[in-house]
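Chains as they are written, first to last, in our numbering: chain Y, 22 to 203; chain G, 22 to 203. Inspection log for the structure reproduced underneath, given as structure tokens.
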DNA sequence: TGACCTATATACCGATCGGTATGGAAACAA
DNA sequence: TTGTTTCCATACCGATCGGTATATAGGTCA
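Have a look at this one:
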């Protein structure tokens, strides 16, 4: 199963072929279909595994004491995943949600829905930060949350394109230097 | 030709099928191959057209008087392209450079090379901004350039995912609020 | 040993991929 | 009118796509 995740992560939903998936998983196509139904539900299970194993840092990041701590943990956590030497580079959600033919639109919608719910949690955390005095009054939490997600997604594109880790660490430092509030 | 650009832009290199391309262009496959050689060289020509018609704002953006002006023109210019109602959403370079199978690696390399040369121009502009006093001394131009490209690429992902224009305009405002220097 | 049952592996399905060969209509010269 | 040339649309090529039917191998019980 985690072998399937690796393939989807590297190739995206459409770029991952049944041949590559079955070869990586060490099973044959009929076994795959008996166990998982079809490619789409296999992808959903891989996405679940990805969230559980790789996106777990988000939950703890939101528990950081200050808004700056939240941002730092989110950025460093996602960088750690996206440049792990044993995993594909970049973010699986970004890779599978851009481009592709018309067939995979429901896959795209699935990813966008998950992203939306994650964004909502971040907005709520930043709202709390504002009432706690972590953020200046002129900053709108939804806009700041959108900004932070954007930096993370941009970093995912860069990581996927092979930009080395130290450059991305400098990027994080730069972002945190400009962060408004505590 | 611009019809081909639309298809590649929406689908990415691999997601664009010959059937969709020829139908959009109003010609048949033999004509396409007689005129353009093959899919890959057609894509390169589409990329040339994209740079010429859609990325022309970059050149004028780099001529803005201050570093903040450069950032603002780059962000607003790319947003204008990525959310134009007559064109596909998002950035063609991002869409075609993530994911995909192993066949299209040379396409990916092509895009990354163009991105690198564009980044170099931005770094040079920010170096100049620093000697002109537009930027604080603790800011490294390469890191800031990387940061700005990252925000733009993240914005491209968001635009491609259907985030509405006004949200992205707020994102730009937020980014500019935090911009260091003039 | 022999009947049965499960489970995997090979071979195959129609559709589509990128790319090309062929046939037939239009344009021209004599 | 006839022969020739050009050009494009249809039909086709092998390969691969996601998905499945069939056949064979291995284990269980009598």
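The C-beta atom is built at its ideal place from N, Cα and C for all residues, glycine as well.
Open item on the list: Give me, in chain order, the residues of the same chain whose beta-carbon lies closer than 6 angstroms to that of residue 46 of chain Y; leave out the 5 immediate sequence neighbours on both sides.
Closed with: For the purposes of this step, residue 46 of chain Y is identified with residue 25 of the first chain, where counting begins at 1. Here the set comprises 24 and 25.
TODO: Mind the definition here: the segment 24-39 of chain G touches the segment 167-179 of chain Y only if three or more C-beta pairs lie below 8 angstroms; say whether that holds.
DONE: no
TODO: Evaluate the contact criterion for the segment 114-127 of chain G versus the segment 47-54 of chain G: three or more CB pairs, one atom per stretch, below 8 angstroms.
DONE: no
- [ ] Could you list the residues in the segment 163-191 of chain G with a C-beta less than 9 angstroms from some C-beta on chain Y, going in chain order?
- [x] 163, 164, 165, 167, 168, 170, 171, 172, 173, 174, 175, 176, 177, 178, 179, 181, 182, 183, 184, 188, 189 and 191
Task: 4 or more residues per run - each alpha helix (DSSP H) lying fully within the segment 55-108 of chain G - done: 60-74, 77-82 and 88-103
TODO: Determine the direct distance from the alpha carbon of residue 133 of chain G to that of residue 146 of chain G, and round the result to whole angstroms.
DONE: Within the second chain, residue 146 of chain G is the residue found at index 125, counting from 1. Within the second chain, residue 133 of chain G is the residue found at index 112, counting from 1. For residue 146 of chain G and residue 133 of chain G, the distance between alpha carbons rounds to 20 angstroms.
Task: Chain-ordered neighbours of residue 197 of chain G on chain Y, where CB pairs are closer than 8 angstroms - done: Stepping through the second chain from its first residue, residue 197 of chain G is reached at position 176. Residues of chain Y passing the Cβ test: none, with the nearest at roughly 11 angstroms.
Task: residue 187 of chain G (DSSP reduced to helix, strand or coil) - done: Numbered from 1 along the second chain, position 166 holds the residue referred to as residue 187 of chain G. Three-state DSSP puts residue 187 of chain G in a helix.
Task: Within chain G, partners of residue 13 of chain Y - CB distance below 8 angstroms - done: With chain Y represented from 22 up to 203, any question about residue 13 of chain Y goes unanswered, as that position is not in the structure.
Open item on the list: If we require 4 or more residues per run, which alpha helix (DSSP H) segments fall completely within the segment 26-51 of chain Y?
Closed with: 39-46
Task: Beta-carbon separation (whole angstroms), residue 89 of chain Y vs residue 197 of chain Y, contact threshold 8 angstroms - done: Here residue 89 of chain Y corresponds to residue number 68 of the first chain, with the count starting at 1. Here residue 197 of chain Y corresponds to residue number 176 of the first chain, with the count starting at 1. 7 angstroms between Cβ atoms; contact.
- [ ] Taking C-beta pairs closer than 9 angstroms, name the residues in chain G that residue 62 of chain Y reaches, listed in chain order.
- [x] Taking the first chain and counting its residues from 1, one reaches residue 62 of chain Y at position 41. Chain G residues near residue 62 of chain Y: none, gap ~20 angstroms exceeds 9 angstroms.
Task: For residue 131 of chain G, the nearest candidate out of G:32, G:57, G:54 and G:66 (CA to CA) - done: Taking the first residue of the second chain as position 1, residue 131 of chain G is located at position 110. Ranking G:32, G:57, G:54 and G:66 by Cα distance to residue 131 of chain G puts G:66 first.
Open item on the list: Taking 8 angstroms as the cut-off, does the segment 55-69 of chain G touch the segment 141-158 of chain G (at least 3 CB pairs, one atom from each stretch)?
Closed with: no
Task: Beta-carbon proximity of residue 96 of chain G to residue 22 of chain G, cut-off 8 angstroms - done: As a working mapping, residue 96 of chain G is identified with position 75 in the second chain. As a working mapping, residue 22 of chain G is identified with position 1 in the second chain. No, Cβ-Cβ distance for residue 96 of chain G and residue 22 of chain G is not below 8 angstroms.
TODO: Please decide whether residue 91 of chain G counts as near chain Y, where near means a Cβ-Cβ distance under 8 angstroms.
DONE: As a first step, residue 91 of chain G must be located in the second chain, where it is residue number 70. Chain Y contact via Cβ: absent.
Task: Cutoff 8 angstroms: residue 107 of chain G Cβ touching any chain Y Cβ - done: Residue mapping note: residue 107 of chain G aligns to position 86 of the second chain, counting from 1. Residue 107 of chain G does not count as touching chain Y.
Open item on the list: With a threshold of 8 angstroms between beta carbons, is residue 86 of chain G in contact with chain Y?
Closed with: As a position in the second chain, residue 86 of chain G is number 65, starting the count at 1. Cβ-Cβ to chain Y under 8 angstroms: no for residue 86 of chain G.
Task: Residues that residue 32 of chain G contacts on chain Y, provided the C-beta gap is smaller than 9 angstroms - done: In the second chain, residue 32 of chain G corresponds to position 11, counting from 1. Chain Y residues near residue 32 of chain G: 120, 121, 122 and 123.
- [ ] Give a yes or no on whether the C-beta atoms belonging to residue 30 of chain Y and residue 108 of chain Y are separated by under 8 angstroms.
- [x] Sequence index remark: in the first chain, residue 30 of chain Y carries index 9 (1-based). Sequence index remark: in the first chain, residue 108 of chain Y carries index 87 (1-based). For residue 30 of chain Y and residue 108 of chain Y, yes; Cβs fall inside 8 angstroms.
TODO: Locate the alpha helix (DSSP H) running through residue 122 of chain Y, then write down its first and last residues.
DONE: Walking along the first chain from the start, residue 122 of chain Y turns up at place 101. Unbroken run through residue 122 of chain Y: none, as it is neither H nor E.
Task: Helix, strand or coil at residue 145 of chain Y [DSSP, three-state] - done: For the purposes of this step, residue 145 of chain Y is taken as residue 124 along the first chain, with counting starting at 1. Of the three classes helix, strand and coil, the one that applies to residue 145 of chain Y here is helix, per DSSP.
Open item on the list: Between residue 53 of chain Y and chain G, is any beta-carbon pair separated by less than 8 angstroms?
Closed with: Your numbering for residue 53 of chain Y matches position 32 in the first chain. It does not: the Cβ of residue 53 of chain Y has no partner Cβ on chain G nearer than 8 angstroms.
Open item on the list: Less than 8 angstroms between the beta carbons of residue 175 of chain G and residue 171 of chain Y, yes or no?
Closed with: As a position in the second chain, residue 175 of chain G is number 154, starting the count at 1. As a position in the first chain, residue 171 of chain Y is number 150, starting the count at 1. Yes, the pair counts as a contact, with Cβ atoms nearer than the cut-off.
Task: N- and C-terminal bounds of the alpha helix (DSSP H) containing residue 180 of chain G - done: Numbered from its first residue, the second chain carries residue 180 of chain G at position 159. Run containing residue 180 of chain G: 162-181, per the alpha helix (DSSP H) assignment.
Task: Against chain G: residues of the segment 136-150 of chain Y by CB proximity under 8 angstroms - done: 136
Task: Cutoff 8 angstroms: residue 111 of chain Y Cβ touching any chain G Cβ - done: On the first chain, residue 111 of chain Y is found 90 positions in, with the first residue counted as 1. Closer than 8 angstroms: yes.
Open item on the list: Strictly under 8 angstroms for the Cβ-Cβ distance: is residue 115 of chain Y near chain G by that measure?
Closed with: Here the question's residue 115 of chain Y lines up with position 94 in the first chain. Yes - at least one Cβ of chain G is within 8 angstroms of the one on residue 115 of chain Y.
TODO: Below 6 angstroms CB to CB, which residues in the same chain sit around residue 148 of chain Y once its five sequence neighbours on both sides are set aside?
DONE: The residue given as residue 148 of chain Y occupies position 127 in the first chain. The answer, listed in chain order, is 162.
TODO: Could you name the residues of chain G that residue 126 of chain Y contacts, counting a contact when the two beta carbons are closer than 9 angstroms?
DONE: Sequence index remark: in the first chain, residue 126 of chain Y carries index 105 (1-based). Ordered by position in chain G, no residue passes the 9 angstroms Cβ test against residue 126 of chain Y, which lies about 11 angstroms from the chain.
TODO: Ignore the nearest five residues each way along the sequence and tell me which others in residue 57 of chain G's own chain have a CB closer than 6 angstroms to its CB.
DONE: Translated into positions along the second chain, residue 57 of chain G becomes position 36. Contacts found: 63.
Task: Check whether residue 75 of chain G and residue 102 of chain G have beta carbons under 8 angstroms apart - done: Looking up residue 75 of chain G in the second chain gives position 54. Looking up residue 102 of chain G in the second chain gives position 81. Closer than 8 angstroms, so yes.
- [ ] Taking only the alpha-carbon atoms, compute the straight-line gap between residue 191 of chain G and residue 54 of chain G and give it to the nearest angstrom.
- [x] Position 170 of the second chain, counted from the first residue, corresponds to residue 191 of chain G. Position 33 of the second chain, counted from the first residue, corresponds to residue 54 of chain G. Taking the straight line joining both Cα atoms gives about 45 angstroms.
- [ ] Quick one: grab the DSSP three-state call for residue 130 of chain Y.
- [x] The residue you call residue 130 of chain Y lines up with position 109 of the first chain. The answer is helix: DSSP assigns residue 130 of chain Y an H, G or I state.
TODO: Would you grab the beta carbon distance between residue 2 of chain Y and residue 106 of chain Y for me? Rounded to a whole angstrom, and I think it's under 8 angstroms.
DONE: The question about residue 2 of chain Y has no answer here: the residues shown for chain Y are numbered 22 through 203.
Task: Chain-ordered neighbours of residue 133 of chain G on chain Y, where CB pairs are closer than 9 angstroms - done: Residue numbering aside, residue 133 of chain G sits at position 112 when the second chain is read from its first letter. The contacting residues are 182 and 183.
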